[in-house]
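Read through the structure below, which is laid out as structure tokens, and then see the notes.
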Amino acid sequence: MAVISDTNSSRGVFVVGGDATSITLSLVAIPAIVVFIWQRYQDTQAKHLSVASVSCFACYISSLAFIVAVTMLLHIRAPVTRTLCDATLMVCIVLHKFAKGSEFLFLIERIYVISWTTKPRYRSTQYILGIILIMLPYTAFTAATIFFRYTIDKGHDLCVIGIRLPATIALLSLEVSAQVYFTIRFLWPLFTVHRNIKGLVQPLRQLIVRTCIGSAVSSLANIASSISVAVWVGQGPAWLCCLVCKASVFISACALHWITRPIQSVSQHGSGPHAFGDLAVGFSGSPGAAPHALSFSQPPSSKKDLAAMDGQSISKYPSSVMEEMGERSPQKLAMSKLESLA
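Numbering (UniProt numbering), first residue to last: 1 to 342.
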């Protein structure tokens, strides 16, 4: 990717249109992400600040920082130097991968919440595996990407920046694999509820469709940006690569916000609208309350069934859960627990 100075005659041939497109995208993306942050902040006002909410905020804020920083670096009227080129590449890598890593952490937390295990995170097998098999390799691959970056001063106010192909392929493979795994792992219990419990079909259908579409769109945007980096090694202009990366980050932020929007449905077991927003978001329901152990495929119908889950005693569960067990059917209990994810 080439960073081209204003004084270079080739800039006027093919960069002006790209500059306009890049700035226009930034003018759309920056206020949109600010709105996402504000809406999520309002949603958390009535709830406690959980790990899921923090990781979601981190994804939004890092996406916003990436777009702002890259826009400033590419469009400030300053002489092109190797330092500026290297700074542009470092900002692109660090902020872009931090945003993606925050999204992965959010998805790990989302899966942990929907599993409703009574075990803390450091004792949850799937949570630990998510950190070890996804987050640690992702951090290592990101470090490798930084190590294998290159900046070449071509002279004549032009320098080339890029990432070597092996590092790009390794990181892209991990990102796509992680996205597919997180999507399947989150959707599996929802499909089980969708198949076994009446009255939840429509809201769960909406959530399943949103998750599938959002994950597919986010993955395709990420693949497109990574392929652009691989294809334009040493040839494409920096504004073009950064434009694609900005679009990828913005699309991922939009997909995340759309997936986590509340889903409104009129419950067949109540009189008012029930929001499934926390099911979509993955936030826990009440301050300080741990997720409850509930099997989607076989909702507990008695205190004995509930106590049998995870080998825990009845005393391990909140009193509110025990009260629900005595007065609600399995279907109503499942609906209540789905709604408690908000």
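Heads up, the beta-carbon is just placed ideally off N, CA and C, and yes, glycines get one too.
Own chain, CB closer than 8 Å to residue 186, minus 5 neighbours either side, in chain order: Locating residue 186 in the sequence shown gives position 186, where the first residue counts as 1. The answer, listed in chain order, is 107, 110, 111, 114 and 211.
Alpha helix (DSSP H) runs wholly inside the stretch 91-133, at least 4 long, in chain order: 125-130
Own chain partners of residue 33 with C-beta closer than 8 Å, once the 5 adjacent residues on each side are dropped: The residue you call residue 33 lines up with position 33 of the sequence shown. If we look at residue 33 and ignore the five residues flanking it on each side, its Cβ neighbours are 60, 63, 64, 67, 250 and 253.
Simplified DSSP assignment, three categories, for residue 192: Indexing the sequence shown from 1 puts residue 192 at position 192. In the structure shown, residue 192 sits in a helix (DSSP, three-state: H, G or I).
Residue 127 burial status per 10 Å Cβ neighbour count (16 or more: buried): Translated into positions along the sequence shown, residue 127 becomes position 127. Looking at its Cβ environment, which holds 16 or more other Cβ atoms inside 10 Å, residue 127 is buried.
Sequence-distant residues of the same chain with beta carbon closer than 8 Å to residue 214, five excluded per side: The sequence position of residue 214 within the sequence shown is 214, counting from 1. If we look at residue 214 and ignore the five residues flanking it on each side, its Cβ neighbours are 255, 256, 258 and 259.
Three or more C-beta pairs below 8 Å linking the stretch 242-249 and the stretch 18-25: yes
Whether residue 89 touches residue 162 by CB criterion (9 Å): Stepping through the sequence shown from its first residue, residue 89 is reached at position 89. Stepping through the sequence shown from its first residue, residue 162 is reached at position 162. Their beta carbons are under 9 Å apart, which means residue 89 touches residue 162 by this criterion.
Reduced DSSP secondary structure (H/G/I, E/B, other) of residue 151: As a working mapping, residue 151 is identified with position 151 in the sequence shown. Reduced to three states, the DSSP call for residue 151 is strand.
The alpha helix (DSSP H) enclosing residue 71, as first and last residue numbers: Taking the first residue of the sequence shown as position 1, residue 71 is located at position 71. 51-75 is the span of the alpha helix (DSSP H), which, as asked, contains residue 71.
From 93, 182, 103 and 104, residue whose alpha carbon lies closest to that of residue 144: In the sequence shown, counting from the first residue as 1, residue 144 sits at position 144. Minimum Cα distance to residue 144 is reached at 93.
Cβ shell of residue 21 (< 8 Å), same chain only, five flanking positions each side left out: Your numbering for residue 21 matches position 21 in the sequence shown. 243, listed in sequence order.
Residue 140, buried or exposed, once every other Cβ within 10 Å from all chains shown has been counted against 16: Position 140 of the sequence shown, counting from 1, holds the residue named residue 140. Burial call: exposed.
Residue 180, buried or exposed, once every other Cβ within 10 Å from all chains shown has been counted against 16: If you number the sequence shown from 1, residue 180 lands on position 180. Exposed.
Nearest-angstrom Cα separation, counted from residue 124 out to residue 130: Locating residue 130 in the sequence shown gives position 130, counting from the first residue. Locating residue 124 in the sequence shown gives position 124, counting from the first residue. If you take the alpha carbons of residue 130 and residue 124, they lie about 10 Å apart.
Residues of its chain near residue 101, where Cβ-Cβ distance is below 8 Å and the 5 sequence neighbours each way are ignored: Stepping through the sequence shown from its first residue, residue 101 is reached at position 101. Cβ within range, chain order: 135, 138, 139 and 142.
Alpha carbon of residue 183 to alpha carbon of residue 192, nearest angstrom: One-based indexing of the sequence shown puts residue 183 at position 183. One-based indexing of the sequence shown puts residue 192 at position 192. Going by the C-alpha atoms only, they are around 15 Å apart.
Whether residue 228 touches residue 240 by CB criterion (9 Å): Mapped onto the sequence shown, residue 228 falls at position 228. Mapped onto the sequence shown, residue 240 falls at position 240. Yes, they are a contact pair.
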